[in-house]
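So, in structure tokens, the structure goes:
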């Protein structure tokens, strides 16, 4: 691997994070979720709603993180057999070819409440086999129903500490539409380009039907996440910007019945022109290799984590991660919440992710009542 001065990059990021101003108490910050109201008064919520993210140290123990890694390793061993005609193989990408890769895949579309596996873009051979002796190292992600299908991931996703955190930030009826296990493999783990999570998981007001975003990302580090192995980069304050685009079910296919049309497409949002962030779906110029001056100039800062740390952020926060060309893995388990009807939101019918029939997303409050 080409040598880069990652220690300088890390120190600069830590200094920038440490220099973020403390949330104002007079007046208090506005709630991102409900802009007509003040944010909750607790310190974590004030930080979250002011800067658009919150890092919670040691949210899970090292042994809990290791258990998730071991469980995913077992799931891959038992359920993913690349090259076997009975086991579909698909790649996942976030670059300019994302729409064609995910937008034409039944395997992706059907993953809403299942455990499907998606390889790195250069890890599959033409016959669907993997180009490495260890198939685990070929994977980009697994999703999107781990919180539904697997007992260990369900237990974490519906735990009291998740519910208490989400409630403390202002969500009153949190629902879980999606979960993902991201591998960020050593040496081949690809970048995740600039995006907002509400692009893929958008909600509407129950009263007016107009767009009203409520997506909440919970990014759990299972390994140490550093500038060297592809940690999260966030742009503080960008959560106050409008949603730039949406990834939706294509009306030409699902409404008009055109079977030749792609299943999913990107749609620009009114008021969310790319001029706000001209790097949408890309990396800012000068992001890689380090010293990553382009990222700093655009306002991004790295958020390094120890295994077990959690980063929480709203769905309009601009964030990304750089490639992992190190020899170190960087696994994460990621949950996405949205506000439910009791909180004044409804799931958009145009979202790519939809359950079949009358099945509903897991509601944290209802789940806790059943456990009690």
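Numbering (the numbering used here), first residue to last: 1277 to 1648.
Every residue gets a Cβ at the ideal spot worked out from N, C-alpha and C, and that includes glycine.
| query | For residue 1374, does the three-state DSSP call read helix, strand or coil? | reply | Against the chain shown, residue 1374 aligns to sequence position 98. In this predicted model, residue 1374 has a pLDDT of only 46, less than 50, meaning its place in the structure is not dependable; the value taken from the coordinates is given anyway. Helix, per DSSP.
According to DSSP, residues forming a beta bridge with residue 1597 = Numbered from 1 along the chain shown, position 321 holds the residue referred to as residue 1597. 1468, 1508.
query = Below 8 angstroms, can you find three or more Cβ-Cβ pairs linking the stretch 1438 to 1455 to the stretch 1303 to 1322?
reply = yes
- Task: Rounded to whole angstroms, what's the CA-CA distance from residue 1376 to residue 1590? Just pull it up for me.
- Result: For the purposes of this step, residue 1376 is identified with residue 100 of the chain shown, where counting begins at 1. For the purposes of this step, residue 1590 is identified with residue 314 of the chain shown, where counting begins at 1. With a pLDDT of 49 at residue 1376, under the threshold of 50, the predicted position of this residue should be treated as unreliable, though the coordinate-derived value follows. Residue 1376 and residue 1590: Cα-Cα distance of roughly 27 angstroms.
Residue 1519 and residue 1479 - do their beta-carbons sit closer together than 8 angstroms? On the chain shown, residue 1479 is found 203 positions in, with the first residue counted as 1. On the chain shown, residue 1519 is found 243 positions in, with the first residue counted as 1. No, they are not a contact pair.
>> Quick check for students: name the residue ranges of the alpha helix (DSSP H) that lie wholly in the stretch 1561 to 1614, counting only runs of 4 or more.
In response: 1569 to 1574
Can you list the alpha helix (DSSP H) stretches of 4 or more residues lying completely in the stretch 1531 to 1560, in chain order? none
- Mind checking residue 1451: buried by the 16 CB within 10 Å criterion, or exposed? Sequence index remark: in the chain shown, residue 1451 carries index 175 (1-based). Buried, by the Cβ-count rule.
I need the straight-line Cα distance from residue 1344 to residue 1532, nearest angstrom please.
By 1-based counting over the chain shown, the position of residue 1344 is 68. By 1-based counting over the chain shown, the position of residue 1532 is 256. Their Cα atoms are separated by approximately 42 angstroms.
Discussion item. To test your reading of the DSSP string, which unbroken beta strand (DSSP E) runs of 3 or more residues are found completely within the stretch 1297 to 1366?
Written reply: 1330 to 1332
Subject >> Straight-line gap, residue 1542 to residue 1524 (C-alpha atoms, nearest Å) >> reply: The sequence position of residue 1542 within the chain shown is 266, counting from 1. The sequence position of residue 1524 within the chain shown is 248, counting from 1. Straight-line Cα distance between these residues: approximately 6 angstroms.
Cutoff 7 angstroms; reference residue 1379; Cβ partners in own chain excluding five residues on either side = The residue labelled residue 1379 in the question sits at position 103 within the chain shown. With a pLDDT of only 45 at residue 1379, under 50, the local geometry of the prediction cannot be trusted, and the value read off the model is given with reservation. These residues qualify, in order along the chain: 1538, 1539, 1540, 1541.
Based on the DSSP secondary-structure assignment, which residues constitute the bridge partners of residue 1383? Along the chain shown, read from residue 1 onward, the residue named residue 1383 stands at position 107. The partner list for residue 1383 (beta bridge, DSSP) is empty, contrary to what the question assumes.
**Study point:** Local Cβ density within 10 Å of residue 1491, reported as buried at 16 or more and exposed below that
**Key:** On the chain shown, residue 1491 is found 215 positions in, with the first residue counted as 1. Buried.
Residue 1457 - containing beta strand (DSSP E), residue span:
By one-based count along the chain shown, residue 1457 stands at place 181. That run of the beta strand (DSSP E) goes 1450 to 1458.
### Same chain, Cβ closer than 6 angstroms to residue 1374, five either side skipped, listed in chain order
To locate residue 1374, count along the chain shown from 1; it is residue 98. Model confidence at residue 1374 stands at a pLDDT of 46, short of 50, so the residue's coordinates are unreliable; what they give is reported in the following sentence. Correct list: empty, nothing qualifies.
Q: Starting from residue 1476, follow its DSSP beta bridges and name the residues at the other end.
A: In the chain shown, the residue the question calls residue 1476 occupies position 200. None; residue 1476 has no bridge partner.
When the Cα atoms are used, what is the spatial distance from residue 1615 to residue 1557?
As a first step, residue 1615 is located in the chain shown; it is residue number 339 there, counting from the start. As a first step, residue 1557 is located in the chain shown; it is residue number 281 there, counting from the start. For residue 1615 and residue 1557, the distance between alpha carbons rounds to 26 angstroms.
Ends of the beta strand (DSSP E) at residue 1496? Working through the chain shown from its first residue, we reach residue 1496 at position 220. Its beta strand (DSSP E) spans residues 1492 to 1497.
### Task
Rank 1350, 1547, 1388, 1382 by C-alpha distance to the C-alpha of residue 1633 and give the top, closest one.
Here the question's residue 1633 lines up with position 357 in the chain shown. Comparing Cα-Cα distances from residue 1633 to each of 1350, 1547, 1388, 1382, the minimum goes to 1388.
Have a look at the DSSP bridge pairing and note the partners of residue 1487. Taking the first residue of the chain shown as position 1, residue 1487 is located at position 211. Answer is 1480.
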